[in-house]
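The listed protein sequences correspond, in order, to chains A and B.
Take the first sequence: its letters are residues 1 to 499, numbered as in the working numbering.
Take the second sequence: its letters are residues 1001 to 1499, numbered as in the working numbering.
Each remark here refers to the structure printed beneath this line.
Protein chains: 2
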Amino acid sequence: MSELLDKFKAYLAETTNLGYASTLLYWDLETSMPKEGFKGHSDALAYLSTESFKRSTSAEMGEFLDKLSAPEEFDSLDADWKYIVKQMKKNYDENKRVPADFYHDFIVAENEAGVAWQDAKAKNDFSIFAPHLEKMIDFSKKMMGYMRPDMEIYDAMLDSYEEGMDSATYDRVFNELKEGLLPLLNKILAAKPYDESKFKKEYDIPAQKAVEKFLLEYIGFSFDKGCTGETEHPFTLNFNSKDVRVSNHFRTDNAVDPMFSAIHEGGHAIFEQNVAERLDDTVAGSCHYLGLHESQSRFYENVLGRNINFWKPIYAKLQEIDPDFKDITIDEFYRYINSVKNSLIRTQADEVTYCLHVIVRYEIEQEIFRNNVPVSELPALWNKKMEEYLHITPPTDSVGILQDMHWSDGSFGYFPTYLLGTIYDGMFLEAVEKDLGSIDTVLAEGRIKDITKWLNEHIHQYGSSRKPKEVIQAVCGREVSAQPILKYFTEKYTKIYNL
Amino acid sequence: MSELLDKFKAYLAETTNLGYASTLLYWDLETSMPKEGFKGHSDALAYLSTESFKRSTSAEMGEFLDKLSAPEEFDSLDADWKYIVKQMKKNYDENKRVPADFYHDFIVAENEAGVAWQDAKAKNDFSIFAPHLEKMIDFSKKMMGYMRPDMEIYDAMLDSYEEGMDSATYDRVFNELKEGLLPLLNKILAAKPYDESKFKKEYDIPAQKAVEKFLLEYIGFSFDKGCTGETEHPFTLNFNSKDVRVSNHFRTDNAVDPMFSAIHEGGHAIFEQNVAERLDDTVAGSCHYLGLHESQSRFYENVLGRNINFWKPIYAKLQEIDPDFKDITIDEFYRYINSVKNSLIRTQADEVTYCLHVIVRYEIEQEIFRNNVPVSELPALWNKKMEEYLHITPPTDSVGILQDMHWSDGSFGYFPTYLLGTIYDGMFLEAVEKDLGSIDTVLAEGRIKDITKWLNEHIHQYGSSRKPKEVIQAVCGREVSAQPILKYFTEKYTKIYNL
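Right, here's the structure in full:
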């Protein structure tokens, strides 16, 4: 190994330590910090994040990357470090092109937009958010212009969340999915809805926590390499492959939601826990492709978790851990967790309508960035699309266009990755079944860890070192397509709703 | 305010942020970190602690302190900052006198001694620990020689944990206490012991956690300025007065221990939560006098918590939160929590015999540092003193001289502060009663927060800015004496044991 690479690794290790502390400050802020601890906490977080950012954009870092990118050094690197140096150089150059003043203004605008969004949502008044949304659109365009001057703006945005996936691909697979899904949804909505009244009761919270632990262990989450916490919104956070944490929320009126949050976050976490150890603390050591990441959480949550065979080997155990489920049969449970409804809120949607919630957002982002539709027209556009695809009109903007925070922080191009992950899932399901046989059988036999092992081997171990397109190609041997997930939806719901 | 002081405060703020992150890394390591996360965690902790230490011993820090100590600047400081600058200058100069090589060797020896101590304790073989103990004694002497060349070694050690308390004072009050306590203990041990069999059962853990929360709130711990965690050994940790955390341990075979751990750590935490806000993030903003700190935890745990009137207003509530206590009357509970036994382990001792456990250690430390008694003779000395004071001979060194880890990390002079805190408590009790009347009445009327308020006002708000002797003088108007706590013990246990 070259002396230069050794020195670079030592430099990275210090940056890793600063990042480690920032990550922990964030985790603690969400899970434990007492109310009045906020100032000390955020001061420390701001200081360490700034130190960490300074190092990642320092002249020293630039020199390391220049030298390591020069052919004589680069050629001597192994495949992992070739990826790492290339990726870091790309990030470094992109960040360096952003003027410091502009970056500062962007952060200020983002914070202001976040406050305005919360206010607008609380007061159900889009006009409070509108000028901030305009500014974030404008600033995000400029940001992409600095970072990626050679790319079309919205393509650049999509690419920044799912490298290598352009809008031509998104358009193709989303349209494919929409065309197949709309008629299926219409048939489902015409069928008899499931009566959920039996599930409306008061649930015990310690039992829910015990179920969370049981489910995480069951699907393959390692408690030697992770732990859980409680937060308002569930999320996954990773320090490195040895410490990956998931959070959850518990309420007395719903004990099923936290089960699926646990399985969903568990899927994200299993990905991160199984990235090859040698990539730890490098840019390859964590998956930063949001679509690919979401494919794993949704694979566990939906493809596996909403399959009746997932529950067959463990339903009696679930009833034992949480006696609130003693009077609910596995068949009732299965119907409940696959109840399809045209509802207003994305985060509460079932797996079928969820896709359309994302398509609404994707199409509106295109209108914004490709057709320059003014912000003032967006609420009406939102409602029109909701009516068209989901046959429901938001009674207020708070439960319509104001429901998600993403646009307030300039995360344009982020929503589509949620659906892309679902589309990947159809393809991964085919690939898993090709190797392991019907997942119905594997699950019914309680061998879910065989599936986890398969995913570890084919997807997780590579972290970010294989880009999504390369993963799809390697695992499925063809281009991304929406047909497999459409087939999954059609077969599953035709049966459930007797269509 | 002087420009220099402003600059100094800005410099300190950065150090505070690094320290904040280190503190959080430590808290998380104890409460949450998964097993395999250890390396990443300890790397980050080592890096940040080193950075923090570098800053606190930097040339820049030295310059600030020199300039601020010069009369023209010093005289313009307010009383708080006079204390802060003086204390920091003292610490800085002491640290600077320790050669870096020696400091490094000390840390290595300390780590090795810790491992050897664990091994020796597990294998019940003092000879494994003996050479390491010898080295730690030698290194600790040298360390004090560097840091405090003008002081007698053991006095310097005592002073480093409880500034201003010399061994003349310790000798006087410990002997006073011993003389009074030994005859009392002999009478108690001759009386009928309390039958504890009713308390031997299986306790529910979630109920214990609910009780912990209830008790902490009841005594005045603020959950807006603190939170709880679970660790093997309970402890208190503070970031600043706005974020003070206590940990506890829970087991199914004992639900009473965690109550008193909660009250004990709650006492430490209430101290830290109530230091004046203006002292936050300075050397005065946290109490670093161990005896004074322990006086507060033991005041809540013993003087208040083991008084039957503490429980009268809340015992029914306790039984409601934890139904495992439904069949135990308040009188049975009171007798159980004040059961005096001559047992082997300090940390499990009742409040009476606890004093003698500490005296054994204090007298052995004197033999080591004043009379150069060789390490090989210490186990026999330990057993002799246990027999003499407690009429019990440790069957093995593991439950004798090897039971505590303190000596393995060179914490000589630390144990005595535990007892000094208890002695302060007798004096504080007198002072509280002078102002508020009998604590029996205050407690029985559920007005424990009046006592907390009194302690906040007379002790807590000053943090470290008043030294223990000054606190005792200000609060009690006289020198420290063991008579008040002896009176407390004698009256209380004469009644309980019908002596």
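Every residue, glycine too, gets a C-beta built ideally from N, C-alpha and C.
Where residue i falls: helix, strand or coil (DSSP)
i                  : result
Phe-239 (chain A)  : strand
Met-1147 (chain B) : helix
Thr-1329 (chain B) : coil
Gln-366 (chain A)  : helix
Phe-1129 (chain B) : helix
Met-1033 (chain B) : coil
Asn-338 (chain A)  : coil
His-1268 (chain B) : helix
Val-1108 (chain B) : helix
Asn-1302 (chain B) : helix
Pro-416 (chain A)  : helix
Glu-1060 (chain B) : helix
Asn-1017 (chain B) : helix
Ile-392 (chain A)  : coil
Pro-1313 (chain B) : coil
Glu-479 (chain A)  : coil
Tyr-1026 (chain B) : helix
Gly-1285 (chain B) : coil
Leu-181 (chain A)  : helix
Exposure of residue i, with buried meaning 16 or more beta-carbon neighbours within 10 Å
i                  : result
Phe-1484 (chain B) : At residue 1484 (chain B) the sequence reads Pro, which differs from the Phe that was named. The residue is buried, with at least 16 neighbouring Cβ atoms inside 10 Å.
Thr-452 (chain A)  : buried
Asp-1502 (chain B) : No information on residue 1502 (chain B) is available, as it lies outside the stretch 1001 to 1499 that chain B covers here.
Val-340 (chain A)  : buried
Gln-348 (chain A)  : exposed
Asn-175 (chain A)  : exposed
Thr-422 (chain A)  : buried
Thr-353 (chain A)  : buried
Ala-1070 (chain B) : exposed
Val-1108 (chain B) : exposed
Phe-1239 (chain B) : buried
Ala-120 (chain A)  : buried
Ala-1079 (chain B) : exposed
Thr-417 (chain A)  : buried
His-1293 (chain B) : buried
Beta-bridge partners of residue i, as assigned by DSSP
i                  : result
Gly-1229 (chain B) : B:Ser-1247
Asn-1254 (chain B) : B:Arg-1251
Own chain residues within Cβ distance below 7 Å of residue i, not counting five before or after
i                  : result
Arg-1370 (chain B) : Tyr-1154
Gln-208 (chain A)  : Phe-250, Ala-255, Pro-258, Asp-322
Ile-205 (chain A)  : Phe-250, Thr-252
Ile-1263 (chain B) : Leu-1215, Ile-1219, Tyr-1300, Glu-1301, Gly-1305
Ile-368 (chain A)  : Ile-137
Whole-number beta carbon distance between residue j and residue i, since they are thought to touch under 8 Å
i                  : j                  : result
Leu-1045 (chain B) : Ser-1076 (chain B) : Rounded, the Cβ-Cβ distance is 38 Å, inconsistent with contact.
Ser-1295 (chain B) : Glu-1272 (chain B) : So it is not a contact: roughly 14 Å between Cβ atoms.
Lys-1449 (chain B) : Gly-1226 (chain B) : Contact doesn't hold; Cβ gap of about 16 Å is too wide.
Gly-1037 (chain B) : Asp-280 (chain A)  : Actually they do not touch by this definition, with Cβ atoms about 11 Å apart.
Glu-1196 (chain B) : Tyr-1336 (chain B) : 6 Å
Thr-1057 (chain B) : Asn-1095 (chain B) : 5 Å
Lys-1385 (chain B) : Glu-1363 (chain B) : 6 Å
Val-475 (chain A)  : His-458 (chain A)  : 5 Å
Ala-1191 (chain B) : Leu-1499 (chain B) : 7 Å
Leu-133 (chain A)  : Trp-407 (chain A)  : 6 Å
Lys-1198 (chain B) : Ile-1330 (chain B) : Wrong, their Cβ atoms sit about 13 Å apart, outside the cutoff.
Leu-1024 (chain B) : Leu-24 (chain A)   : 6 Å
Gly-114 (chain A)  : Tyr-92 (chain A)   : Their Cβ separation, rounded to whole angstroms, is 27 Å, which puts Gly-114 (chain A) and Tyr-92 (chain A) out of contact at 8 Å.
Cβ shell of residue i (< 6 Å), same chain only, five flanking positions each side left out
i                  : result
Glu-1202 (chain B) : Thr-1252
Ser-464 (chain A)  : Ala-284, Cys-287, His-288
Ser-1297 (chain B) : His-1264, Gly-1267, His-1268
Contacting residues, own chain, Cβ-Cβ under 8 Å from residue i (five flanking each side not counted)
i                  : result
Pro-34 (chain A)   : none
Ile-1439 (chain B) : Val-1303, Leu-1304, Asn-1307, Asn-1309, Leu-1429, Val-1432, Glu-1433, Ile-1451
Ala-1482 (chain B) : Val-1173, Phe-1174, Glu-1176, Leu-1177, Gly-1180, Ile-1423, Gly-1426
Residue i beta carbon near the ligand FAD (any heavy atom closer than 7 Å)
i                  : result
Leu-1065 (chain B) : You won't find the ligand FAD in this model; it holds no ligand whatsoever.
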